[in-house]
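Take a look at the structure below.
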Amino acid sequence: MIRSEILREIAPILRDQLVVCNIGIPSQELHAIDDQPSNFYMLGTMGLASSIGLGLALAQPKTVIVIDGDGSVLTNLGTLPTIGNNAPGNYILMIIDNGSYGSTGDQPTYTGKKTDLAGMARAAGCDNVVVVQDVDTGPALQAAIEGGQATVLVVKCDSGNAKMPVITMDPVIIRDRFMKAVAS
Amino acid sequence: MSIDKKIVDDLVANDVSFVTTVPCKQLAGVIDEVDRREGIFHIPSNKEDEGMGLCAGAWMGGKRPAIIMQNTAIGVTINTLATLIQYYRMPLPMLISYRGELREPVACQVEMAVHTKALLAQLNIPTYHFHRQSDVEELDMILKYTFMCSKPVAILTDANFWGGYGDQ
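Sequence lines, in order, name chains A and B. When you line the first sequence up against the working numbering, it's residues 1 to 184, in that order. When you line the second sequence up against the working numbering, it's residues 185 to 352, in that order.
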């Protein structure tokens with residue numbers, strides 16, 4: 001499966017949760033598949049989805065699901081020790097690990113070679129790291145939501161992008177409706 | 185009252201309850217004070233752009249954030265300031281140690297100091313420079329201004345403000 005197929009499958013699970021979604025095609029795909037006010041789409045700032053989600057999870061009690069990518073986590077590796085030492089039970093970091101920089105033309109990342117993100121997360125202090133194959137994402141995500149324990153979920157899948165339109169929504173509107181969903 | 189305590193008192197009085205820090209010798213006392221305060225959640229970051237991401241999330245979660253960092257970090261965070269904090273219109277007080285100014289013992293620090301105000305000006309970031317200890321009296325107003333206008337705001341605090349640096 002490619003990322004868009006996974007997102008389509010887990011959309012019913014994501015719909016009722018606060019979601020912070022990674023820059024580029026992942027946000028475009030989520031926006032096109034099931035736009036919700038409870039989705040925070042990153043339009044720029046590669047690498048910070050996991051950090052934004054962590055700040056949000058620490059500030060309020062609702063479950064926060066971060067949809068991140070292997071390339072974006074690699075660009076902000078300092079996030080893993082911060083998560084490992086601080087993440088509360090309502091924080092789920094789901095890394096769609098397709099071994100490539102999808103938004104820029106599927107150039108390979110190091111996770112498609114020797115680098116093991118799950119091992120790095122464990123070494124950084126993340127206690128609950130789960131690795132699943134694409135087809136098992138839904139049950140694993142549901143278990144993480146119900147588990148109430150900070151979770152790093154690494155989803156191994158194929159490289160590839162769906163053709164989706166660019167998000168043209170104003171960033172302040174994205175942020176404002178998201179904050180209302182957080183507060184509701 | 186110590187200047188460290190005064191700064192953190194102002195943060196608390198303005199409902200700042202989520203503070204991320206990247207270490208600095210000049211700011212060590214403030215960071216210790218932040219860590220001690222019950223009303224503040226202190227989360228050290230490994231890099232300043234990561235810290236700004238944490239602050240953005242905390243603000244959307246209903247808490248007022250602040251970041252404490254060195255001015256060298258302006259070089260690290262320009263993209264984050266432009267495409268996250270400013271683009272989504274979020275408030276962010278940045279208490280910054282202004283290394284490389286008067287009474288600085290390390291020459292390399294001057295290399296970023298000479299760019300600091302120019303970069304902040306290029307980003308249209310309101311910038312305040314604390315040079316004398318009495319300048320701290322403006323902090324309360326600066327914090328109110330930051331949350332009023334929902335912008336990143338820089339507070340540069342130089343070595344003279346802190347009463348010298350190291351053995352100088």
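Just so it is clear, CB atoms sit at the ideal spot from N, CA and C, and this is done for glycine as well. All of these numbers come straight from a predicted model, not from anything done at the bench.
Contact under 8 Å by Cβ, residue i with residue j
| i | j | result |
| --- | --- | --- |
| PRO336/B | LEU238/B | no |
| ILE224/B | LEU195/B | yes |
| ASP108/A | GLY99/A | Here residue 108/A is Pro; the residue named in the question, Asp, does not match the sequence. Result yes, Cβ atoms of PRO108/A and GLY99/A sit closer than 8 Å. |
| GLU282/B | THR300/B | In the sequence as presented, Glu is not what sits at residue 282/B; that position holds Tyr. Yes. |
| MET236/B | ILE269/B | yes |
| CYS157/A | ILE96/A | yes |
| GLU174/B | VAL260/B | For chain B, the structure presents residues 185 to 352; residue 174/B sits outside this window and is missing. |
| LYS189/B | GLU217/B | yes |
| GLY125/A | PRO88/A | no |
| SER50/A | THR79/A | yes |
| GLN28/A | PRO165/A | yes |
| PHE331/B | ASN198/B | yes |
| ALA338/B | ARG287/B | no |
| VAL129/A | VAL152/A | yes |
| THR341/B | ILE258/B | no |
| GLY53/A | ILE23/A | no |
| ALA215/B | VAL320/B | The question names Ala, yet the displayed sequence has Ile at residue 215/B. Not in contact: ILE215/B and VAL320/B (Cβ atoms no closer than 8 Å). |
| VAL290/B | GLN254/B | no |
| ILE6/A | GLN142/A | no |
| PRO26/A | ARG3/A | yes |
| ASP35/A | ALA11/A | no |
| THR204/B | SER229/B | yes |
| ILE67/A | LEU30/A | yes |
| ARG234/B | LEU48/A | One point to set straight first is that residue 234/B is Glu, not Arg, in the sequence displayed. Yes, they are a contact pair. |
| MET42/A | CYS21/A | yes |
| ILE167/A | THR63/A | no |
| LEU327/B | ILE262/B | no |
Coil, strand or helix - residue i by DSSP
| i | result |
| --- | --- |
| ILE258/B | helix |
| THR205/B | strand |
| LYS247/B | coil |
| ILE2/A | strand |
| ASP351/B | Confidence at ASP351/B is low in this model, with a pLDDT of 46, below 50, so its placement is unreliable and no value can be given for it. |
| TYR271/B | coil |
| PRO88/A | coil |
| PRO336/B | strand |
| LEU276/B | strand |
| VAL166/A | coil |
| MET179/A | helix |
| SER50/A | helix |
| ASP35/A | coil |
| LYS113/A | coil |
| LEU7/A | helix |
| THR137/A | helix |
| ARG220/B | helix |
| ASN76/A | coil |
| ASN161/A | coil |
| SER27/A | helix |
| MET120/A | helix |
| GLN210/B | coil |
| ALA57/A | helix |
| ILE191/B | helix |
| MET236/B | helix |
Paired residues, beta bridge with residue i - DSSP
| i | result |
| --- | --- |
| ILE96/A | GLY69/A and VAL155/A |
| SER281/B | GLN254/B and THR341/B |
| ILE227/B | THR204/B |
| PHE200/A | Only positions 1 to 184 of chain A appear in this structure, which leaves residue 200/A out of reach. |
| TYR101/A | GLN107/A |
| VAL129/A | VAL152/A |
| VAL196/B | Per DSSP, none; premise fails for VAL196/B. |
| VAL64/A | LEU18/A and TYR91/A |
Chain E contact for residue i (CB, 8 Å cutoff)
| i | result |
| --- | --- |
| THR205/B | In the structure shown, chain E does not exist; the protein chains are A and B. |
The stretch 82-92 of chain A contacting the stretch 110-119 of chain A, beta-carbon criterion three pairs below 8 Å:
Cβ pair count under 8 Å is below three, so no.
If we require 3 or more residues per run, which beta strand (DSSP E) segments fall completely within the stretch 290-329 of chain B?
311-314
Decide yes or no for the touch test of the stretch 205-212 of chain B against the stretch 57-66 of chain A: beta carbon pairs closer than 8 Å, at least 3 of them.
no
Check whether the stretch 283-299 of chain B and the stretch 231-250 of chain B are in contact - that is, three or more C-beta pairs closer than 8 Å.
no
Quick check: the stretch 165-175 of chain A against the stretch 256-275 of chain B, are at least 3 beta-carbon pairs closer than 8 Å?
yes
The stretch 129-140 of chain A touching the stretch 160-171 of chain A, judged by at least three CB pairs closer than 8 Å
At 8 Å Cβ cutoff, the stretches do not touch.
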